[in-house]
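Reviewing the structure listed below.
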Amino acid sequence: MNPEVTIVVSPRERFSGARASLESIYKYTDIPFTLVYVDGGSPAKLQQYLEAESRARGFQLIRTDHYLSPNTARNLGLAQVKTRYVVFMDNDVIVSPDWLSRLIECSEQTGATMVGPLTCIGTPLHQTVHCAGGEARIDVEIQDGQPRRRAHEKLYFADRPVAEIQDKLRREPTGLAEFHCMLVRSEIFKQVGCFDEAMLNTREHIDFSITVAEAGGSIYLEPTSVVTYVPGPPLEWDDIPYYMLRWSDAWELASLKRFRAKWDLTEDEFFKRRYKRLGWRRHNTLIRPLARKVSLFGQRLPGVERVLVPMDRALNRYLTTRHSRLEGSEVKQDRVLTSS
Numbered sequence: 000m001n002p003e004v005t006i007v008v009s010p011r012e013r014f015s016g017a018r019a020s021l022e023s024i025y026k027y028t029d030i031p032f033t034l035v036y037v038d039g040g041s042p043a044k045l046q047q048y049l050e051a052e053s054r055a056r057g058f059q060l061i062r063t064d065h066y067l068s069p070n071t072a073r074n075l076g077l078a079q080v081k082t083r084y085v086v087f088m089d090n091d092v093i094v095s096p097d098w099l100s101r102l103i104e105c106s107e108q109t110g111a112t113m114v115g116p117l118t119c120i121g122t123p124l125h126q127t128v129h130c131a132g133g134e135a136r137i138d139v140e141i142q143d144g145q146p147r148r149r150a151h152e153k154l155y156f157a158d159r160p161v162a163e164i165q166d167k168l169r170r171e172p173t174g175l176a177e178f179h180c181m182l183v184r185s186e187i188f189k190q191v192g193c194f195d196e197a198m199l200n201t202r203e204h205i206d207f208s209i210t211v212a213e214a215g216g217s218i219y220l221e222p223t224s225v226v227t228y229v230p231g232p233p234l235e236w237d238d239i240p241y242y243m244l245r246w247s248d249a250w251e252l253a254s255l256k257r258f259r260a261k262w263d264l265t266e267d268e269f270f271k272r273r274y275k276r277l278g279w280r281r282h283n284t285l286i287r288p289l290a291r292k293v294s295l296f297g298q299r300l301p302g303v304e305r306v307l308v309p310m311d312r313a314l315n316r317y318l319t320t321r322h323s324r325l326e327g328s329e330v331k332q333d334r335v336l337t338s339s
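Residue 26 in numbering that gives the first Met the number 0 sits at position 27 of the sequence shown, with consecutive numbering throughout.
Okay, here's the thing in structure tokens:
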């Protein structure tokens, strides 16, 4: 029986969760599937593991020696898809039993173009809601005689215990799905094209959800399919360079500007706040925890964060510039390795 679905796994922000994620896919997926695994510059130990698993399990492994933005990685995987359905999944997601068959069943029974599972966050697994559907749209209002276009996003039941809201969850149309895990009918890409690679690190799920809706597609939540996104920290040392690039000031600013220009959005307070907070993920995940560990004779030193922030920004600029040079060089050489 030929699989009717391809799973495309790609890096989200780190590599240290990749092994557990891949093992969960093979343990809990109950129907035939094709796997395309996109490995963007993982450390040597993980690279060797993925190569061995690719040979043993027969999945397709696409490897680049440089880091990839999420949409670039998804497009590399999408180019290999020949099945009716495709699942896009980040490499730090743990699935649960029957997750995939439930997504396909929802699409088959409703005609949905996209289906999102109940996406949880953190450990213990499958206990805390991250996204149970939500809203994504462009709102237009007239202010001082001029149209003002704003992007609206809302995640339902975020950070609520699953047990607390279980009776409120049902299969239903929704406004968005997230790239932690989503099922898509492959035919929609004939209408909308590939993922927008100018969206480097933020708002890409909103961009794609709105794009699908404007093309006449429908989006559903299937809460009987459950997956969990397991974020860092803790971060392994091998994770830090990619994490810093993934959440770099340059990538975030470019993504926000692309999103605003693409949808002709008003540069309102949302964008102005985001411009001022560039690098907030690095600050919360790397800088602040590091500052708390710096002490003298057991006493925390004041002002350490203020010293570390400009150092972080300088290092971040260096990493972003270096990546741009490496990526350009490798793209010209077409150094994308594929094995199966």
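Note that the Cβ used here is the ideal one computed from N, Cα and C, for glycine as well.
Subject >> Counted within 10 angstroms of its Cβ, other Cβ atoms place D89 as buried (16 or more) or exposed >> reply: Counting from one through the sequence shown, the residue named residue 89 turns up at place 90. Around the beta-carbon of D89, 16 or more other beta-carbon atoms lie within 10 Å, marking it buried.
**OP:** Return helix, strand or coil for M113, following the three-state DSSP convention.
**Re:** Mapped onto the sequence shown, residue 113 falls at position 114. Looking at M113 - three-state DSSP - the assignment turns out to be strand.
Original post:
From the beta carbon of I120, is the nearest beta carbon of chain B less than 7 Å away?
Top reply: No chain B is present in this structure, which holds just one protein chain.
Original post:
So what's R148 in DSSP terms, helix, strand or just coil?
Top reply: As a first step, residue 148 is located in the sequence shown; it is residue number 149 there, counting from the start. Strand.
**OP:** Output the distance between the C-alpha atoms of H282 and V308, rounded to the nearest integer angstrom.
**Re:** Stepping through the sequence shown from its first residue, residue 282 is reached at position 283. Stepping through the sequence shown from its first residue, residue 308 is reached at position 309. Spanning the two alpha carbons is a distance of roughly 8 Å.
**OP:** In angstroms with no decimal places, state the Cα-to-Cα distance between R73 and V35.
**Re:** Here residue 73 refers to the residue found at position 74 of the sequence shown. Here residue 35 refers to the residue found at position 36 of the sequence shown. Going from the Cα of R73 to the Cα of V35 covers about 10 Å.
Original post:
Excluding five sequence neighbours on each side, which residues of the same chain lie with their C-beta closer than 8 Å to the C-beta of L285?
Top reply: Locating residue 285 in the sequence shown gives position 286, where the first residue counts as 1. Excluding its 5 nearest sequence neighbours in each direction, L285 has C-beta neighbours in its own chain below 8 Å: L234, I239, Y242, M243 and D311, listed in chain order.
Subject >> Cα-Cα separation between T227 and S15, rounded to whole angstroms >> reply: Counting from 1 along the sequence shown, the entry for residue 227 is found at position 228. Counting from 1 along the sequence shown, the entry for residue 15 is found at position 16. For T227 and S15, the distance between alpha carbons rounds to 15 Å.
Original post:
Which same chain residues, not among the five before or five after C105, have their C-beta less than 7 Å away from its C-beta?
Top reply: Looking up residue 105 in the sequence shown gives position 106. Short of 7 Å from the beta carbon of C105, and not among the five residues preceding or following it, lie these beta carbons of its own chain, in chain order: A111, V114, R170, Y219 and E221.
**OP:** Pull up the CB-CB distance for L168 and G133, whole angstroms please, since I reckon it's below 8 Å.
**Re:** Position 169 of the sequence shown, counting from 1, holds the residue named residue 168. Position 134 of the sequence shown, counting from 1, holds the residue named residue 133. In fact, because the Cβ distance is near 13 Å, the residues do not count as touching under 8 Å.
Original post:
With contact counted as at least three CB pairs below 8 Å, one residue from each stretch, are the region 24 to 40 and the region 61 to 68 in contact?
Top reply: Touching, yes.
**OP:** Quick one: grab the DSSP three-state call for Y155.
**Re:** On the sequence shown, residue 155 is found 156 positions in, with the first residue counted as 1. Of the three classes helix, strand and coil, the one that applies to Y155 here is coil, per DSSP.
Original post:
Three-state secondary structure (DSSP) at D38?
Top reply: Your numbering for residue 38 matches position 39 in the sequence shown. Three-state result, D38: strand.
Subject >> Rounded straight-line distance, which links the Cα of E304 to that of P288 >> reply: As a working mapping, residue 288 is identified with position 289 in the sequence shown. As a working mapping, residue 304 is identified with position 305 in the sequence shown. Approximately 9 Å between the Cα atoms of the pair.
Original post:
Would you call the region 136 to 149 and the region 52 to 63 in contact, with 3 or more CB pairs under 8 Å?
Top reply: Taking a cut-off of 8 Å on C-beta distances, the region 136 to 149 does not touch the region 52 to 63, as fewer than three cross pairs fall below it.
Original post:
Would you say the region 120 to 137 touches the region 242 to 257, given that touching needs at least three Cβ pairs under 8 Å?
Top reply: Verdict: no, contact absent.
Subject >> the region 4 to 21 touching the region 74 to 82, judged by at least three CB pairs closer than 8 Å >> reply: With a cut-off of 8 Å, the region 74 to 82 and the region 4 to 21 count as touching, because enough Cβ pairs lie within range.
Subject >> Member of G192, M181 and D206 whose CA lies at the smallest distance from the CA of L264 >> reply: Start at 1 with the first residue of the sequence shown, and residue 264 comes out as number 265. Of the candidates G192, M181 and D206, the one whose C-alpha sits nearest the C-alpha of L264 is D206.
**OP:** Can you tell me the Cβ-Cβ gap for A135 and Y155, rounded? I've got them flagged as a contact below 8 Å.
**Re:** To locate residue 135, count along the sequence shown from 1; it is residue 136. To locate residue 155, count along the sequence shown from 1; it is residue 156. By a beta-carbon distance limit of 8 Å, A135 does not contact Y155. Their separation comes to about 12 Å.
**OP:** Determine the burial state of T5: buried for a count of at least 16 other Cβ atoms within 10 Å of its Cβ, exposed for fewer.
**Re:** The residue given as residue 5 occupies position 6 in the sequence shown. Residue burial is scored here from C-beta neighbours: T5 has at least 16 other C-beta atoms within 10 angstroms and is therefore classed as buried.
**OP:** Pick out whichever of M0, R13, E3 and P2 has its Cα sitting closest to the Cα of V229.
**Re:** Your numbering for residue 229 matches position 230 in the sequence shown. If we check each option's Cα against that of V229, R13 comes out closest.
**OP:** Closer than 7 Å by C-beta to P31: which residues in its own chain qualify, once you throw out the five before and the five after it? Chain order, please.
**Re:** Locating residue 31 in the sequence shown gives position 32, where the first residue counts as 1. Its chain contains M0 and P2 as the residues whose beta carbon lies nearer than 7 Å to that of P31, once the 5 sequence neighbours on both sides are disregarded; these appear in chain order.
Original post:
Do you know offhand how far T109's Cα is from S217's?
Top reply: On the sequence shown, residue 109 is found 110 positions in, with the first residue counted as 1. On the sequence shown, residue 217 is found 218 positions in, with the first residue counted as 1. When only Cα atoms are considered, T109 and S217 end up about 9 Å apart.
**OP:** May I have a chain-ordered list of the beta strand (DSSP E) segments no shorter than 3 residues that lie completely inside the region 148 to 218?
**Re:** Listed in chain order, they are 180 to 184.
Subject >> Residue nearest to E140 in terms of C-alpha spacing, selected from V211, H179, D267 and Q47 >> reply: Against the sequence shown, residue 140 aligns to sequence position 141. Considering only alpha carbons, the answer is D267.
Subject >> For T28 and A19, the rounded distance between their alpha carbons >> reply: For this step, residue 19 is matched to residue 20 along the sequence shown. For this step, residue 28 is matched to residue 29 along the sequence shown. Whole-angstrom Cα-Cα distance: 14 Å.
**OP:** Going by DSSP, name the residue or residues bridged to I286.
**Re:** Taking the sequence shown and counting its residues from 1, one reaches residue 286 at position 287. I286 pairs with nothing; no bridge assigned.
Original post:
Whose CA, out of A197, I120, D237 and A313, lies closest to the CA of C180?
Top reply: Within the sequence shown, residue 180 is the residue found at index 181, counting from 1. If we check each option's Cα against that of C180, I120 comes out closest.
Original post:
How many Å lie between G363 and S185 at the Cα?
Top reply: Because the chain here runs from 0 to 339, residue 363 falls outside it and cannot be looked at.
**OP:** Could you give the DSSP three-state label for V308: helix, strand or coil?
**Re:** Here residue 308 is taken as the residue at index 309 of the sequence shown, counted from 1. Reduced to three states, the DSSP call for V308 is helix.
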